[in-house]
Structures are given as structure tokens and as C-alpha cells.
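Notes for the one structure printed next.
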Amino acid sequence: MASDLLIYNIGTLVTSKEIDISNKNSMENIEILTDAYVAIKNGTILFLGKGPYDKTLVDSKTVLIDADKALVTPGLIDSHTHLVHGGSRENEMFLKAKGATYMDILNAGGGILSTVKATKKATKEELVEKAKDSLKKMLTFGVTTIESKSGYGLDLETEIKQLEVNKILDKEQPIDIVSTFMGAHAIPQEYRGHEEEFIKKIIKMLPIIKERNLAEFCDIFCEHGIFSIEQSKEILKEAKKLGFKLKIHADEIESIGGAELAGELETTSSEHLMAISEKGILALKNSKVIANILPGTSFYLKKEYAPVRKMIEQGVQIALSTDYNPGSCPSENLQLIMQIAALYLNMSPIEVIKAVTINGAKSINRESEVGSIEIGKKADLVIFNSKSLEYILYHFGINHTKMVIKNGKIVYEI
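Okay, here's the thing in C-alpha cells:
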């Protein structure tokens, strides 16, 4: 069968297919081929192999791409973002420089609460255009699938508005968008001292979001001074009853048992984890919860990095994401996050690429469709201006993307 598009003369092909089934917990058990080719048909992977390509895969209509010995990987997956929001918070950067903490700014009505005000004020059309601009940037860095959370509404109307923007954007541009409802992102000022009333309000939102098919996941910010373990459990258990898959912002600032709760509830992923405990690491390992690490947040806030080497040594699977948001990581650059992970988390090149491909897919329940280059999966690939994986981590702060292919179509090229 002839292919629609065939990439040949690939120097290094990182398929991200997990191959060592005897060592399922390894972060380096992915397939890497040299001198390879990939054939694409009807938007999916038709065939891949080594050496000269099979001539029967080509006819007069096949588009041939000479990779010129470059590195090719699956489309990158940014599995934790706060894409849809109004406004920006550059003023907070300089408050932090003077010693203000995240909680200081939040308690003064800034932080998430200032973005909530801006998001409520913005029209749906304004939010679409702002987010679309960010998605264009993400695509240039090789990102083909993202997760996008709500959480800058804290009321039903604005949360629905954010999630509807996700739906619009999923149709209007190439990147696939997976939606997460995160109404429990902060406690509104008017509910301070009456937190249980706000929790009841969130629980009432859940069936409405579900009925309208606006989100696949439910997330919550489980942190001291925001939502306690008990409050987080209450909301997430109600979400699970309604058929939501679960995520949790856990142990970002203090270790209060968020990772342990993730293990107990068997959430799909547990996010941040800079302050994770030894018990939390074991809980993630034993429950096979993906640890979604966001080193750009540590970098920007000048905070400790998550103990990733310890997690990997204990058998926890790691994903890496930008956490793109206006307050703690205002960057769409997933390649920069990969470089920070290599430099400051001491992750190997293979661990890094696994974390933004197949493990990123696992953290949003998309591993059967994307995250690796395997026959039958979506043809989402990146061709880099690099001969090796090591080079794109070594030469930091620039964009190494040469071409992005989404569903078998070239959607970005320089």
C-alpha cells in the first residue's frame, strides 16, 4: 500500500514505544532507531523501519521528505497548561523579587484571583484570540497535543466560558486540546471563612460540566491555605462518581499528603510535587499515578525542584509540562522545560523525551492514540534541526524545530 507521506533518511528516530516489558518502571525503556523511515497514510502511521524505505510504500502521489539524518520524535505533549485566561501578571514578578511569597500575593487579592477578574471580564472571543496566539507558539516548539485547565472563573459562568473556548480552539487549529475542569483552583475572597459553601458550589457545577461534555478531567489545588486533603477528597470523589478522570495539584508548596491522596484515589496524574514526601513517592509508585513535573514553575519562582531522581529510582513514571499560566510559568516553550529538566533535575536525554511523549500521553489518557510512533497511531511527528537528542538539550534557549506534522499533514515548517 502506498503512503501519503514518507519521511526517509532519518538519522535518529525516537519512537517512544516502550520495549522492555520486564522493566516496566524504567524511564529509559523506549525504542530508538537509527537510519530509519516512517510512512504515513490517512493521518496515521502506516509503517516504519530501518535502512532504505520499501518502494511499495511510494507512488506518484506520495510526498517524500528527506530528513537529512536529522532527529525525529513523536509530537510533543504538554500535559499541564492553564491556556485560557485573561490578562497578565508581570507586576508580580517584581513583587516576588522584593520578597513577596506566592501566598502573600494571593492573600492580597493578587495571584490567581487577579487572573480570575481579568478572565471574567474578557469576552469569549477575546479569550479565543489570546489562547490561539499561545497555541501558535506551542506548535512552533513541536507540541501537537495539550491539556488545558479551567480555574480562572471560580463561578459556573466563567468556568463554562473557559471550557467552551477549549472546544472552539480544538476545532480551529492543529493542536489537540484535552479539557480539565478546575473550578477548585482557589477560594474566592467572598468565601474566605465560608469554604464549605464554596465546596458545595463546586460540587453543584460538576454535573453541569459533565452533561455539557465540557471536560474529561477534574483537578483541584490541594495545598495548605487553599484546599485541604479532606476538601480535595470530597470534590474528587464526587467528580469520580460522575465519570470524570482525576488529576490533583499536590505538594507544590508544602507536603500535606497530596501525593498520598493521588495514590489513594488512583488519579491519572499528580502535578507539581516539589514538596513530595517519601510516603508520597511510594503512593505514586504503588498506584502507577504519573508524576507530572513542572520545572519551569520552580525556575520562575526560584523554588526547590521536585526530587525527580529519587522518584525515578523508586520506579515512578515522570511526565514534564510547561504549566503555562500567567503567574508562575508564563512560557509556552516546552523545549526550554526539557532543557531545565536535563540541567536541574538531572534527567537523561531519553528520560526527558519519554516524559514529553509517551508519558505525557499517559498523563492525559491518550497513550493509545499519541505519544509514540507506532503503526495505527496518529501521525504526529517533529523533525528537529539537530542530529541528536542530546544536542537539543545542550543548546538551550532556542527553538530546534524544523517541521511539525500533525495527523499526517505538515502544519509548521521553517
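Position 42 (the sequence shown) corresponds to 41 in numbering that gives the first Met the number 0; numbering is contiguous.
In this text, a Cβ means the ideal position worked out from N, Cα and C, and glycines have one as well.
Alpha carbon to alpha carbon, how far is residue i from residue j?
i, j, result
"residue 129", "residue 227", "33 Å"
"residue 120", "residue 5", "47 Å"
"residue 190", "residue 197", "6 Å"
"residue 316", "residue 360", "12 Å"
"residue 366", "residue 376", "9 Å"
"residue 313", "residue 284", "7 Å"
"residue 46", "residue 114", "46 Å"
"residue 384", "residue 345", "24 Å"
"residue 232", "residue 162", "23 Å"
"residue 96", "residue 105", "16 Å"
"residue 235", "residue 229", "10 Å"
"residue 399", "residue 405", "17 Å"
Does DSSP classify residue i as helix, strand or coil?
i, result
"residue 73", "strand"
"residue 414", "Since the displayed the chain opens at 0 and closes at 413, residue 414 lies outside it and no answer follows."
"residue 82", "coil"
"residue 380", "strand"
"residue 106", "helix"
"residue 403", "strand"
"residue 27", "coil"
"residue 93", "helix"
"residue 183", "strand"
"residue 345", "coil"
"residue 364", "coil"
Going along the chain, which residues of its own chain have a beta-carbon closer than 7 Å to the beta-carbon of residue i, five neighbours each way excluded?
i, result
"residue 102", "224"
Give me whichever residues DSSP pairs with residue i in a beta bridge.
i, result
"residue 291", "270 and 318"
"residue 261", "None, per the DSSP bridge assignment."
"residue 226", "221"
"residue 147", "178"
"residue 43", "40 and 377"
"residue 65", "7"
"residue 32", "12"
"residue 142", "75"
Just reading off the alpha helix (DSSP H) that residue i is part of, what are its end residues?
i, result
"residue 408", "From DSSP, residue 408 is part of no alpha helix (DSSP H) but of the beta strand (DSSP E) over 408-412."
"residue 9", "No alpha helix (DSSP H) holds residue 9; the beta strand (DSSP E) holding it covers 4-17."
"residue 311", "307-313"
"residue 302", "Segment: none, residue 302 is in no alpha helix (DSSP H) and carries neither H nor E."
"residue 169", "155-171"
"residue 390", "388-393"
"residue 283", "277-286"
"residue 208", "194-210"
"residue 332", "Element bounds for residue 332: n/a, residue is neither H nor E."
"residue 112", "111-120"
"residue 396", "Unbroken run through residue 396: none, as it is neither H nor E."
Beta strand (DSSP E) containing residue i: first to last residue?
i, result
"residue 249", "244-249"
Within a Cβ cutoff of 6 Å, which residues of the same chain sit near residue i, ignoring the five residues on either side of it in sequence?
i, result
"residue 204", "155 and 182"
"residue 323", "80 and 331"
"residue 63", "5"
Can a CB atom of chain B be found closer than 9 Å to the CB of residue i?
i, result
"residue 28", "Absence of chain B from the displayed structure is noted, only one protein chain being present."
Can you determine whether any heavy atom of the ligand FMN sits closer than 8 Å to the C-beta of residue i, and answer yes or no?
i, result
"residue 356", "Although the ligand FMN was asked about, the structure shown includes no ligands whatsoever."
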